[in-house]
Amino acid sequence: MTQRAVSLVQHSTASAEILRPLADCLQALCAACCTVSQGAAQGNGAAVASQQERLQFPAALANDCTSLLAHVRHCIAQCEASRKPLVQAARIRVKPVREFNPRFEEEGFALGRDYDPDRARAETRKLKRQLQKEKRGAVRELRRDATFMAATRDRERAVVDAERMDSQRKFYNELQVQESDFKSGGQRGLNPHLKKKRK
């Protein structure tokens with residue numbers, strides 16, 4: 001049962017603290033077993049007999065106790081060996097950033113100039129900037145063209161709508177004239193009898 005308890009806690013990080021009292025007890029038990037067996041082997045007479053009566057330890061128990069004590073000590077040593085010291089953040093030395101001496105241009109600073117020593121990378125960046133500039137210009141032109149086309153389309157539609165409304169107005173005026181002519185008997189609304197009736 002003790003062996004099973006040791007196997008349950010041996011993988012814990014605190015197994016050394018858990019198993020140390022057990023190791024002390026097992027060591028005392030092994031010492032008592034060894035004392036009794038040595039006394040029995042030497043044959044001390046009545047004292048040994050009285051000890052054996054008080055502490056009746058079989059030889060198998062002494063062997064089991066010794067092997068269990070060795071196993072517990074091995075687990076404690078293994079736990080203590082696997083521990084790492086706690087690291088304090090103040091003691092960690094950060095690797096400093098590598099610094100270079102600045103390179104000064106003799107002709108001075110020019111706005112928009114790329115001072116990258118890698119000319120291929122600088123040229124690539126320059127081409128990307130030009131591409132972005134061209135793209136923005138193209139989008140601006142397309143937007144301006146779309147606005148102009150929409151305004152032209154609206155003007156043309158307004159002209160067509162105005163012509164249609166004018167033709168409708170003329171058509172309705174013509175219908176009204178015909179209706180009034182029909183009601184006046186062909187005199188284009190100048191029938192004096194109808195005028196009297198209206199009054």
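The numbers in full-length UniProt numbering rise by one with no breaks, and the one at position 127 of the sequence shown is 127.
Ideal Cβ placement from N, Cα and C applies to all residues, glycine included.
None of the values given here were measured: they were computed from a predicted structure.
Val72 is positioned such that its CB atom lies closer than 7 Å to that of Leu19. By the 16-neighbour rule on beta-carbons within 10 angstroms, Val6 is buried. Bounds of any alpha helix (DSSP H) do not take in Ser12, whose DSSP letter is neither H nor E.
Between the alpha carbons of Tyr172 and Ala151 lies a distance of about 31 Å. Annotation: Ala62 to Thr13 spans about 29 Å, alpha carbon to alpha carbon. For Met1, there is no enclosing alpha helix (DSSP H), as DSSP gives it neither H nor E.
In this structure, Ala110 lies away from Asp116, with their beta-carbon atoms at least 7 Å apart.
Pairing Leu29 with Leu68 gives a Cβ-Cβ distance that is not under 7 Å. In this structure, Ser15 lies near Cys79, with their beta-carbon atoms less than 7 Å apart. When DSSP states are grouped into helix, strand and coil, Ala120 belongs to the helix group. For Arg144 and Phe100, the gap between their C-alpha atoms comes out near 49 Å.
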